[in-house]
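Mapping of the sequence shown onto my numbering: residues -8 to 195, in sequence order.
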Amino acid sequence: MKNLILILAFFVTTIVAAQEITNEKEHELSYGITIGTNFYNIANNNKADSFIPENLAPSLVLGVYGEYNFTKNTGVKLDVLYYSKDFLFDIKNTLFKMHFIDLSANFKYDFGETYREGFYLIGGPKISIITDATSDNEEDYKHHFETLNLGAQLGFGWRVHRYIDIQTKLEYEITPFFKLDNGHNSKFINAILSANFDLARIIN
-8 MKNLILILAF FVTTIVAAQE ITNEKEHELS YGITIGTNFY NIANNNKADS FIPENLAPSL
52 VLGVYGEYNF TKNTGVKLDV LYYSKDFLFD IKNTLFKMHF IDLSANFKYD FGETYREGFY
112 LIGGPKISII TDATSDNEED YKHHFETLNL GAQLGFGWRV HRYIDIQTKL EYEITPFFKL
172 DNGHNSKFIN AILSANFDLA RIIN
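Structure (structure tokens):
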């Protein structure tokens, strides 16, 4: 709970600070939908209680985003994403399926002559929430995992059309989704490739 409060305080502080920057372009709010794929792996700090992805196939990612620019080059982008992951508990060879909702706030720097044109970089914190966790026998195992995890992400993208971005984000979860009292733990590593459709520009 303390970590969540610190993250929220960070979001508020950075947004307020960014609003004090002298504007080089009129503020503009945009929003849209995200469709993509998530390539993921698991970092285990041991071999005794380890998890491995079921296969290398990516999972479908669906979401929405909101974006607001403060100057012609800088802004903030908020994402809400939904996706699943399948993986095995190595010892018992038990298959688990999890569904997640990710909340993230990214700083964005756009290298175009105006905002939302050309190449850009993004980076910032994220919160990952496990909404459910079931095994291959359909039992609910959500209580065995850490349902709220904090992570960091860094990525880049390109505005390939007036209202379409192609974007890649690399994510590392700082807190483990699984941990034991003996110190054994497991964390997710993600690479999300997505297309973002700017509904604000499509509508207008």
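Idealized CB from N, CA, C, for every residue including glycine.
| Asked | Found |
| --- | --- |
| Can you tell me whether DSSP reads L171 as helix, strand or coil? | coil |
| By the DSSP assignment, the alpha helix (DSSP H) with A191 in it spans what residues? | L190 to I194 |
| Using CA atoms only, rank isn't needed, just tell me which of I120, P116 and F136 is closest to N92. | According to the sequence displayed, residue 92 carries Ile and not Asn. When only C-alpha atoms are compared, the closest one is I120. |
| To the nearest angstrom, report how far apart I12 and T62 are at their CA atoms. | Low local confidence applies: a pLDDT of 44 at I12 is under 50, so the model's placement there is unreliable, with the coordinate-based value given in what follows. Those two C-alpha atoms are separated by around 7 Å. |
| Would you call the segment 105 to 113 and the segment 125 to 135 touching, i.e. three or more CB-CB distances under 8 Å? | no |
| Would you give the residue range spanned by the beta strand (DSSP E) that Y111 belongs to? | G109 to S126 |
| So, at 7 Å on beta carbons, what are the nonlocal neighbours of I6 in its own chain, with the 5 sequence-adjacent residues on each side left out? | Here I6 scores only 48 on pLDDT, less than 50, and its place in the model should not be relied on; the value that follows carries that caveat. Result list for I6: V67, in chain order. |
| Could you work out which residue in V71, K76 and P44 is closest to N84 when comparing CA atoms only? | P44 |
| Under 8 Å, Cβ to Cβ, is there at least one residue of chain C near G23? | The displayed structure is made up of one protein chain only, and chain C is not part of it. |
| Which residues does DSSP pair with V52 in a beta bridge? | G27 |
| Helix, strand or coil: how does DSSP classify K38 here? | coil |
| Taking only the alpha-carbon atoms, compute the straight-line gap between F188 and G174 and give it to the nearest angstrom. | 43 Å |
| At the level of alpha carbons, what is the spacing between L139 and I193? | 35 Å |
| Beta-carbon within less than 8 Å of P167's beta-carbon, same chain only, minus the 5 sequence neighbours each way: which residues are those? | E137, N140, N176, S177 and K178 |
| Assuming I92 is part of the beta strand (DSSP E), what are its boundary residues? | T85 to D101 |
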